[in-house]
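A.B. asks: Once you've had a glance at the structure underneath, I'll fire off some questions.
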Amino acid sequence: MYYHDKRLQYPVTVDKPDPAFARMLQQAIGGVEGEIRVCMQYFFQAWGNRAPTPKYRDMLLHTATEEIGHIEMLATAVALNLDKAPASLQEEGAADGIVGAVMGGGNGRHAIEGMIHKNLLSTGLAAMPVDSDGVPFNMSHIYASGNIA
Numbered sequence: 088m089y090y091h092d093k094r095l096q097y098p099v100t101v102d103k104p105d106p107a108f109a110r111m112l113q114q115a116i117g118g119v120e121g122e123i124r125v126c127m128q129y130f131f132q133a134w135g136n137r138a139p140t141p142k143y144r145d146m147l148l149h150t151a152t153e154e155i156g157h158i159e160m161l162a163t164a165v166a167l168n169l170d171k172a173p174a175s176l177q178e179e180g181a182a183d184g185i186v187g188a189v190m191g192g193g194n195g196r197h198a199i200e201g202m203i204h205k206n207l208l209s210t211g212l213a214a215m216p217v218d219s220d221g222v223p224f225n226m227s228h229i230y231a232s233g234n235i236a
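The structure is reproduced here in structure tokens:
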């Protein structure tokens with residue numbers, strides 16, 4: 088069970104929307120070294136911990152829970168960097184060949200290469216559990232060997 092405080096751990100502000108920066112933030116969310124991976128790693132290490140005392144399990148669970156707050160802050164920053172993007176940037180994206188390929192059912196590689204535009208078109212201007220190239224997070228980098236060192 089979790090208690091959710093509506094306040095972010097640290098305030099997230101964006102002076103000027105920047106979709107390119109939002110794309111970079113996606114790597115910190117869903118990349119191999121991103122916050123989702125770290126969060127899941129701590130959870131699975133905790134759940135697999137069989138130490139005689141619960142102190143390490145508790146520490147890992149608390150740390151994993153802390154990581155959820157980091158994901159929330161990054162996702163908020165992505166949304167703020169996309170939400171008020173100028174119409175000119177959105178129009179520029181609509182005229183882009185990559186966007187045309189995505190909307191017209193073209194080469195799938197173009198969808199990944201055009202992640203900035205994908206965010207503008209199909210994510211509701213919000214963060215997704217993907218890396219900066221639009222590759223979905225798949226938990227293939229979660230390790231819980233039982234060694235918490």
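Heads up: the sequence shown begins at 88 in this note's numbering, then just goes up one per residue.
We put the beta carbon where it would ideally sit given N, CA and C, even for glycine.
(1) Based on DSSP bridge pairs, tell me the residues matched to Val217.
(2) Taking the beta carbon of Leu169 as the centre, do at least 16 other beta carbons fall within 10 Å, making it buried, or is it exposed?
(3) Start and end of the alpha helix (DSSP H) containing Thr152?
(4) Assign Pro104 to one of three DSSP states: helix, strand, or coil.
(5) Would Gln113 and Ala214 qualify as a contact pair, given that the criterion is a beta-carbon distance under 8 Å?
(6) Going by beta carbon distance, what residues of the same chain come within less than 6 Å of Ala172, once the five residues before and after it are set aside?
(7) How would you write the range of the alpha helix (DSSP H) that Tyr89 sits in, first residue to last?
(8) Buried or exposed for Glu154, going by 16 or more other Cβ atoms inside 10 Å?
(9) Report yes if the C-beta of Met146 is less than 7 Å from at least one heavy atom of the ligand NAD; otherwise report no.
(10) Compute the Euclidean distance between the alpha carbons of Pro98 and Ser232, then round it to the nearest angstrom.
(11) Cutting at 7 Å between CB atoms, please list the residues of its own chain near His228, excluding the five before and the five after it.
(12) Leaving aside the five residues before and after His157 along the sequence, list all residues of the same chain whose C-beta is less than 7 Å from its C-beta, in chain order.
(13) Which residues in the same chain as Glu159 place their Cβ atom closer than 7 Å to its Cβ, once the five residues preceding and following it in sequence are excluded?
(14) Would you tell me roughly how many angstroms separate the C-alpha atoms of Ile235 and Gln132, rounded to the nearest one?
(15) Ordered along the chain, which non-local residues of its own chain (more than five positions away) have a Cβ less than 6 Å from that of Ala115?
C.D. replies: If we stick to the structure as given:
(1) Start at 1 with the first residue of the sequence shown, and residue 217 comes out as number 130. Its beta-bridge partners are Pro223.
(2) Mapped onto the sequence shown, residue 169 falls at position 82. Leu169 counts as buried, since no fewer than 16 other beta carbons sit within 10 angstroms of its beta carbon.
(3) Start at 1 with the first residue of the sequence shown, and residue 152 comes out as number 65. Counted as a single uninterrupted DSSP element, the alpha helix (DSSP H) harbouring Thr152 occupies residues 142-170.
(4) Within the sequence shown, the letter at position 17 stands for residue 104. Coil.
(5) Within the sequence shown, residue 113 is the residue found at index 26, counting from 1. Within the sequence shown, residue 214 is the residue found at index 127, counting from 1. Going by C-beta atoms, Gln113 is nearer than 8 Å to Ala214.
(6) For the purposes of this step, residue 172 is taken as the residue at position 85 of the sequence shown. Answer for Ala172: Pro104, Pro106, listed in chain order.
(7) Working through the sequence shown from its first residue, we reach residue 89 at position 2. Run containing Tyr89: none; DSSP gives neither H nor E here.
(8) The residue labelled residue 154 in the question sits at position 67 within the sequence shown. Glu154 comes out buried.
(9) In the structure shown, the ligand NAD is absent, as is every other ligand, since no ligand is present at all.
(10) Within the sequence shown, numbered from 1, the residue matching residue 98 stands at position 11. Within the sequence shown, numbered from 1, the residue matching residue 232 stands at position 145. Rounded to the nearest angstrom, the two C-alpha atoms are 36 Å apart.
(11) Within the sequence shown, residue 228 is the residue found at index 141, counting from 1. The residues are Val119, Arg124.
(12) If you number the sequence shown from 1, residue 157 lands on position 70. Closer than 7 Å at Cβ, skipping near neighbours: Glu122.
(13) For the purposes of this step, residue 159 is identified with residue 72 of the sequence shown, where counting begins at 1. Here the set comprises Leu95.
(14) Here residue 235 corresponds to residue number 148 of the sequence shown, with the count starting at 1. Here residue 132 corresponds to residue number 45 of the sequence shown, with the count starting at 1. Taking the Cα positions, Ile235 is about 7 Å away from Gln132.
(15) Here the question's residue 115 lines up with position 28 in the sequence shown. Cβ contact annotation for Ala115 (same chain, cutoff 6 Å, sequence separation greater than five): Gly121, Leu161, in chain order.
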